[in-house]
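Residue numbering for the sequence shown follows the working numbering, starting at 79 and increasing by one per position.
Just so it is clear, CB atoms sit at the ideal spot from N, CA and C, and this is done for glycine as well.
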Amino acid sequence: GTGLVSAVCYGFYGQVDPIGALVISSAAVVTAPAGARATMRISNSALKRLMGIFLIIVAPSIFLRDSLMQSLPKTNPTASDGNTADGAKGPGSESTLFERAKAWLKAQPGLMALPP
Numbered sequence: 079g080t081g082l083v084s085a086v087c088y089g090f091y092g093q094v095d096p097i098g099a100l101v102i103s104s105a106a107v108v109t110a111p112a113g114a115r116a117t118m119r120i121s122n123s124a125l126k127r128l129m130g131i132f133l134i135i136v137a138p139s140i141f142l143r144d145s146l147m148q149s150l151p152k153t154n155p156t157a158s159d160g161n162t163a164d165g166a167k168g169p170g171s172e173s174t175l176f177e178r179a180k181a182w183l184k185a186q187p188g189l190m191a192l193p194p
């Protein structure tokens with residue numbers, strides 16, 4: 079319930095990438111049964127260990143997220159057209175957070191190669 083309400087709210091302001099959401103939700107629906115079966119076969123201690131390893135691997139992304147969010151253009155709340163001070167589209171337009179993040183990543187030399 080709460081996740082659906084949040085998705086609708088974010089979608090209303092143009093902050094949801096519909097293709098990405100469809101891909102992720104489809105993958106979750108397809109793989110959830112296999113994940114549930116796997117957790118029944120793995121011991122609790124092994125599952126805790128795997129979760130710990132996963133968190134250690136993923137934790138550094140918190141620092142990347144902070145630098146990414148600070149580098150994104152800030153929305154100008156007084157602009158009537160929804161644009162930011164540098165001309166980027168604000169909430170409610172076609173420009174989603176994903177698109178702005180992708181543009182930021184393209185601007186970082188050597189960070190990662192993204193297709194056009």
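Which stretch, first to last residue, makes up the alpha helix (DSSP H) that contains residue i?
| i | result |
| --- | --- |
| S149 | S139 to S149 |
| F120 | According to the sequence as given, residue 120 is Ile; it is not Phe. Premise fails: I120 is in no alpha helix (DSSP H) and is neither H nor E. |
What three-state label does DSSP hand residue i in the structure shown?
| i | result |
| --- | --- |
| V83 | helix |
| V94 | coil |
| K184 | helix |
Thinking C-beta only, is residue j closer than 8 Å to residue i?
| i | j | result |
| --- | --- | --- |
| V94 | A106 | no |
Can you check whether the C-beta of residue i is within less than 8 Å of a C-beta belonging to chain C?
| i | result |
| --- | --- |
| R178 | Protein chains in the displayed structure number just one, and chain C is not present. |
Would you check whether the ligand SAM has a heavy atom nearer than 7 Å to the C-beta of residue i?
| i | result |
| --- | --- |
| I102 | Inclusion of the ligand SAM in the displayed structure is not the case, the ligand content being empty and no account of it being possible. |
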